[in-house]
Amino acid sequence: MPKGPKGENRPADVAGYSRLMGEDEEGTLATLTAHRTELIEPCIAEHRGRVVKTTGDGLLAEFASVVDAVRCAVAFQECRGSYSGKS
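For the sequence shown, the positions run 1189 to 1275 when the numbering used here is used.
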């Protein structure tokens, strides 16, 4: 997870989100929604987690355990590459 100036954990976000929204708001939102519903949310649920809140290009999820959270992060990174060709 990215670190802030004081070493605190900071959630990752979509690279270039503001620029993408400025160029094509409707398309950016459609792509982000598809990623969330087809990839991110199922991955979180499979690892005993739940989405607590979404804000723009970020989301906050909680998990039953740290182990579940790490396994979800690893699974997401592994399947993200195969998904990148979709949209």
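Where is the CB? At the ideal position from N, CA and C, for every residue including glycine.
Every value quoted in this text rests on a predicted model; they were computed, and no experiment measured them.
contact_flag[the region 1206–1215, the region 1224–1242] where n(CB pairs < 8 Å) is 3 or more: no
Buried versus exposed, by CB contacts within 10 Å (16 or more), Leu1248: Locating residue 1248 in the sequence shown gives position 60, where the first residue counts as 1. So Leu1248 counts as exposed.
Val1258 in three-state terms, based on DSSP: In the sequence shown, the residue the question calls residue 1258 occupies position 70. Note: Val1258 maps to helix in three-state DSSP.
Local conformation of Gly1215 per DSSP, three classes: As a first step, residue 1215 must be located in the sequence shown, where it is residue number 27. Of the three classes helix, strand and coil, the one that applies to Gly1215 here is helix, per DSSP.
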